[in-house]
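Before any comments, here is the structure.
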Amino acid sequence: MNKIKSIGALVGTLGFGIAPLAHAAPGMGQAAKAGFSIVSATPKTLSSANAVAADKTSTPGTVSADKKTLTFSGKTVRLVAHSGPANDMLSYRIDGLRNPTLVVPAGATIKALYINTDDDMTHNLRFGAQHAAAAPSVGTPNLAHKTETAFHAADVTLRAPSKPGTYYYFCTIPGHAPGGMWGTVRIR
Ligand SMILES: [Cu+2]
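Convert by adding 7 to the 1-based position in the sequence shown; the result is the number in this note's numbering.
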C-alpha cells in the first residue's frame, strides 16, 4: 500500500503526466483522489521582464470586498501565482492577493503558471482534496529558488473537479503548507 502510494506521489510530483494516463494507473489514482486531473505540465525559466508580462495574462476574477476571494465564472481560468515576498515566504500571491480562496466552476480548465520568486527556497503549487504534503495532488514539479537572472516557473493545465466542494492548492515541501503556504479552491 505504501509502495503504491509513493509511486503515485512520485508520478504526481514529476507532474509530467499527460491525460489520459492510460499507461500509468498510479497517476490516474492520484488524479482521482486529488479531485483535479493534470493535462500537462511545462517547466520553464522566465526573465524578470517575462515574469512581469506573464502577470498580465491572468483571467480577471471578481475580487470580494475583503480581498480574500477571487471568483471566476468562465470555463477556462488562467491563474498566475507567485511565491510570497521575503517577509511572508510561506504563502502565495495570486492577482496580488495573499492565498485567496478561488471560486471555480466544476470541470473548468485551469491554466496555472506558478513563478517561484523566492530567493532561497524550493516551492511548488499543487492542487488536491487536502492540503497535507502526503495527500494526493497534481500540479507543478518542485521549482528551485530564483537565480540572479531567471525565475523557475511551470505552466500546468488542470481539469477542475466535476464534483462541487472544497479543495485546496498548496506547497508539498515539508513544513510549507503547515506554515501557511496553501489556499482554498471552492468548486461550484
Ligand atoms: Cu513551498
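Note that beta-carbon positions come from the ideal geometry of N, C-alpha and C, so glycine has one too.
Check                                                                                                                                            : Outcome
Decide if Val59 is buried, meaning its Cβ has at least 16 other Cβ atoms within 10 Å, or exposed.                                                : exposed
What residues does ligand 1 have around it, judged by CB closer than 6 Å to any heavy atom, in chain order?                                      : His130, Cys178, Ile180, His183, Met188
Measure the Cβ-Cβ separation of Leu165 and Val192 and say whether it is below 8 Å.                                                               : no
With a 10 Å radius around its C-beta and 16 neighbouring C-beta atoms as the bar for buried, classify Arg100 as buried or exposed.               : buried
I'd like the list of long-range same chain contacts for Lys10, defined as Cβ closer than 6 Å, with 5 residues on each side in sequence excluded. : Note that Lys10 scores 42 on pLDDT, short of 50, meaning its location in the model is unreliable; the coordinates nonetheless yield the value given after this. Within the same chain, Lys10 has no close Cβ partners at all.
In this structure, does DSSP put Asn94 in helix, strand or coil?                                                                                 : helix
Would the region 77-85 count as touching the region 112-129 if we require 3 or more Cβ pairs under 8 Å?                                          : yes
Report yes or no: do three or more beta-carbon pairs, one from the region 169-179 and one from the region 123-137, lie closer than 8 Å?          : yes
Per the DSSP calculation, Pro50 is bridged to which residue(s)?                                                                                  : Ala161
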